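Residue numbers for the sequence shown follow our numbering, beginning at 470 and rising by one.
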Amino acid sequence: MSFAKLPEELLREILAYALYVPHDEFCRPPALDPAVASEKPASKKKRKASRAGLLLVSKRWLRVGTPLLYECLRLSRRKHARLVTKVLQENPRLGNAVRCLRLEGAYSKKLADVVKLTPRVRTLYIDVDVDASQRINGLLKALPLLNPENLFLRDCSRTPDTRKREICAAIADAISDRTWSLLKTYTNLHCAPMTSRLASALRRAPSLRELVIQASEANQWLAAGYMQKIVKNRGLRQISCQVVSSSDQTHRKILPCRLDEKQLSDRAKQLFVFEPHNAPIEANPGSRALRECNTQ
């Protein structure tokens, strides 16, 4: 059978092998992915161009495959947001194809327009390390329009900032008033900010099942009292502590001791799982780590 006679459903599945990008991979920072971090920018552009080039085979391939390219959408500049808004307005089918939205800027009022045109977003990535000259009004207006299942927050600077607190407050409000009723996974990347208000909201999140955080940050959240609030969410099933640095290795050993010091319940202690980078999740690590702590 020639490609021209293939049913469109089958053609889409074939193209998906080349074009589909898993959401967790799309939201993974380069620093946590050695293969991506070591790749030169020119190689990245060439790889992306070769994938998109498949759609130039025919008009049919272009029509069937273009929604696959829009499944994961990244916005970093206002100009790009304006162009994307125009494209989605002209072709609503592409807006319905967007499932993963990665925001690294472009927080102007056009962002709310993009969100209105992408009603089926399920994975949301937000970089809260906002440039000093950038406004966040568009982001604050866009957040209540979303209802993600998976949230990734990233902040590389760790510098306290009023706008970061405003973003955290908007997220907390969206969770608290059940606008974000579907939120299942909360992933904190590069020590994104946490506040008492946001921790309280996560405690009440009706669908929350997993919290992903670096081991070093988990200890800081314990010290600040944030973790004690979050673990009271009865629906929470796992707290994945990422071990991606030497600091995380140290905190991985002392965390079980900190859990005892803070008098967390046995159920809360069982939630913590240590996940080495590029390695399978270790089963039941708490008892071994506790032995290591007690023998020091």
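We put the CB at the ideal spot given by N, CA and C, even for glycine. This one's a predicted model, so the numbers in the text were calculated from it and none came from an experiment.
Around the beta carbon of LEU525, fewer than 16 other beta carbons sit within 10 angstroms, so the residue counts as exposed. In its chain, beyond the 5 residues on either side, VAL597 and PRO662 have a beta carbon closer than 6 Å to the beta carbon of LYS633.
Checking the DSSP bridge columns, you'll see ARG706 has no partner listed. Along the length of the stretch 557–598, whole beta strand (DSSP E) runs at least 3 residues long occupy 569–572 and 592–596, reported in chain order.
Separation of LEU484 and GLN697 (C-alpha to C-alpha, rounded to the nearest whole angstrom) is 46 Å. The beta carbons of THR648 and PRO675 sit no closer together than 8 Å. Under the 8 Å Cβ criterion, the stretch 523–541 counts as touching the stretch 563–572, having at least three qualifying pairs. By the 16-neighbour rule on beta-carbons within 10 angstroms, ARG571 is buried.
In the displayed model, THR648 falls within coil according to three-state DSSP, outside both helix and strand. The alpha-carbon separation between VAL599 and PHE741 amounts to approximately 31 Å.
Of the residues GLU730, ILE682 and GLN732, the one whose Cα lies closest to the Cα of ILE708 is ILE682.
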